[in-house]
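Just so we're aligned, residue 0 is where the sequence shown starts under numbering that gives the first Met the number 0, counting upward by one. See structure below.
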Amino acid sequence: MEFKNSTEGAVLRVLRNAPPSHYLLNIQSFSSLNNLNKFISDNFDAGGFEWKLCLYPNGDKENKGEGHISVYLELAEISSLPIGWEINVIFNFFVFDQLQDKWKNKAFPFNEDRMGLFQILGPGNLS
């Protein structure tokens, strides 16, 4: 892993053997989720681990996300991992905001059993 600062910002360069993975969760009508506290995707495999996406349409109130849309990447099963486990993951969330006709993106490393954005979009940003 190589980290450099430049005039254009910080650059992290990583070489690895595993190919990148992706998972697409397409919600046709976000308003159909408004009555749910939490939506959990099907499990999917990426990098040899089972994952799931957890979406809080009305915000994750326990983590200051109330009034926003919250989304998290979670390990589907951690009980089978060895004591002191560590998984090195860098992941991106891409969310399409239909009202603004723009993609919103956030990238960060995964260093817990759940990582995500508790305030990815404010009220009224998805329909």
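All C-beta atoms, glycine included, are put in the ideal place defined by N, C-alpha and C. All of these numbers come straight from a predicted model, not from anything done at the bench.
Cutting at 7 Å between CB atoms, please list the residues of its own chain near Ala45, excluding the five before and the five after it. What you label residue 45 is simply residue 46 of the sequence shown in a count that begins at 1. Excluding residues within five positions, the ones whose Cβ falls inside 7 Å are Ser20, Tyr22.
Rounded C-alpha distance that separates Arg15 from Ile89: The residue you call residue 15 lines up with position 16 of the sequence shown. The residue you call residue 89 lines up with position 90 of the sequence shown. Arg15 and Ile89: Cα-Cα distance of roughly 12 Å.
Cβ neighbour criterion (16 or more within 10 Å) applied to Gly66: Working through the sequence shown from its first residue, we reach residue 66 at position 67. Looking at its Cβ environment, which holds fewer than 16 other Cβ atoms inside 10 Å, Gly66 is exposed.
Restricting to Cα atoms, I'd like to know which of Tyr71, Gly47, Phe95, Ala17 is closest to Ser28. For the purposes of this step, residue 28 is identified with residue 29 of the sequence shown, where counting begins at 1. It is Phe95 whose Cα lies nearest to the Cα of Ser28.
DSSP on Leu32, reduced to helix/strand/coil? Here residue 32 refers to the residue found at position 33 when the sequence shown is read from its first residue. Looking at Leu32 - three-state DSSP - the assignment turns out to be helix.
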